[in-house]
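>
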Amino acid sequence: MNWNDRSMVRLYDVVMNFKEKEENNSEDETESLGKKWKVGSNCRARHSNDGYYYEAKIIEITKKKCTVVFWGYNDIQKVSLKHLENSAGKRSRIQQIKKSVNDRIADMSESSEE
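Position one of the sequence shown corresponds to residue 1 (UniProt numbering), numbered consecutively onward.
1) What distance in whole Å lies between the Cβ atoms of ILE58 and GLY72, which are believed to be in contact at a cut-off of 8 Å?
2) State buried or exposed for ARG91, treating a residue as buried only when at least 16 other CB atoms are found within 10 Å of its CB.
3) Can you list the alpha helix (DSSP H) stretches of 4 or more residues lying completely in the UniProt domain "Tudor" (36 to 94), in chain order?
4) Say whether the stretch 47 to 65 touches the stretch 73 to 88, bearing in mind that this needs 3 or more beta-carbon pairs closer than 8 Å, one atom from each stretch.
5) Contact defined as beta carbons within less than 8 Å: I believe LYS98 pairs with LEU81. What is the distance between those atoms, to the nearest angstrom?
6) Cα separation between GLY89 and SER112?
7) Take ARG93 and list the residues in its own chain whose beta-carbon comes closer than 6 Å to its own, dropping the five residues that flank it on each side.
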């Protein structure tokens, strides 16, 4: 995958995440608070760095927040329960893991070229 391909993939992700955010904003924000989330549940959680939703697994729950680990990135964050959505499924989790591996490979090859 060359630089232009990676740029196109990232641009696609930005557009799709924006579209997804717009669709989600039209739904009731309190919907997630009413759902009975459990430790070990897969979900989509809003990442604090970019505000986009990614596949994650709940590893701890408190009254209004939970701790999640993002699939493929092993990034752990505390997230408000209102910023959780249902998982898009196993296929989406696998796709996210593959993307994280490809991103790491691209980063390694870029740093070795310097």
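Cβ atoms here follow ideal geometry from the backbone N, Cα and C, with glycine treated the same way.
Taking the geometry as given:
1) GLY72 to ILE58, Cβ: 16 Å. No contact.
2) exposed
3) none
4) yes
5) No, LYS98 and LEU81 are not in contact; Cβ-Cβ is about 28 Å, not under 8 Å.
6) 35 Å
7) GLU55 and TRP71
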